[in-house]
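If you're matching positions, the sequence shown starts at 3 in this note's numbering and goes up one per residue.
Here the structure is laid out as structure tokens; the discussion comes afterwards.
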Amino acid sequence: MTEYAEQPCYIEQVTAPLVGLICDRHTVVVAVGAAIPTDGDRVETLCGQWMIIGPPPTEAVPGIPATHFADCADCHAIRTEEPENEQASAPLRFFVRLRGTVDVHIASADPTIAELLITQCGRRFRPGDDLELLDAGDGAPCVRCLLLSLSGSLRQVDAAASLAQSSTPLPHPAAAINPFWSVPIGVRVVPWARH
């Protein structure tokens, strides 16, 4: 006998993993008045996969028992309405360079509307400068901008902007890797070579 949902509900279906040993737990939505799926019914999950309702698999892969289960990340994100990644709160970054130059600089302000664009390394660009707006990964990055962006700390980005506004020069990029080793600005570091 077919049962119908009196209120909206979720049904979870465990499937064998596509990769690895942890089985996937998918979510199926049953709307009000819709037939509640039973074993053998073909349904579509929130993430868009089609599967047949039934008991969970006994083996994750042939010969290895299915002992661990995890929610499908896509079904979970749709069900809880949470973004898939937590980088939504990360600051917008723009990648710019002067036309005809090599170094690509990283800036936090929009270069199309900023009156004075200050990059993470402290380079200043004015509205009349001939800038190219690039995609992430295009061109050769400015070493200082790259090192400051890899830290992931907004405090260092703010510190770079405040240093750029003052007359104090930025520390050498090597100091960002190892704070106990610093090289004065203007000194060229040459890698040691065997002769």
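We put the beta carbon where it would ideally sit given N, CA and C, even for glycine.
Name the residue from VAL31, PRO59, ILE38 whose alpha carbon lies nearest to the alpha carbon of GLU46.
-> The residue with the shortest Cα to Cα distance from GLU46 is VAL31.
In whole angstroms, what separates the C-alpha of GLY42 from that of GLN15?
-> If I take the Cα positions, the gap works out to 12 Å.
Look at the alpha carbon of GLY22 and the alpha carbon of ASP137, and state the distance between them as a whole number of angstroms.
-> Computed Cα separation, rounded: 34 Å.
Indicate whether ILE55 and TYR6 have their beta-carbon atoms separated by less than 8 Å.
-> Between ILE55 and TYR6, the gap from beta carbon to beta carbon reaches 8 Å or more.
Which value, in whole angstroms, describes the spacing of the CA atoms of ALA109 and LEU100?
-> CA-CA distance, ALA109 to LEU100, rounds to 13 Å.
Flag this pair as yes or no: are the beta carbons of ALA68 and PRO57 separated by less than 8 Å?
-> It is not a contact, given that the beta carbons lie outside the stated cut-off.
In DSSP terms, what ARG99 is bridged to = Paired residues: GLU134.
Local conformation of LEU20 per DSSP, three classes = Coil, per DSSP.
Span separating the alpha-carbon of ASP132 from that of LEU149 = If you draw a straight line from the Cα of ASP132 to the Cα of LEU149, it is about 25 Å long.
Beta-ladder partner(s) of THR29, from DSSP | Beta-bridge annotation (DSSP): THR29 is paired with GLU14.
Closest residue to ASP26 among GLU61, ASP73, GLY50, ARG44 (Cα-Cα distance) = ASP73 is the residue among GLU61, ASP73, GLY50, ARG44 whose C-alpha sits nearest the C-alpha of ASP26.
Reference ASP105; option with closest CA among ARG95, ARG125, LEU94 = Of the candidates ARG95, ARG125, LEU94, the one whose C-alpha sits nearest the C-alpha of ASP105 is ARG125.
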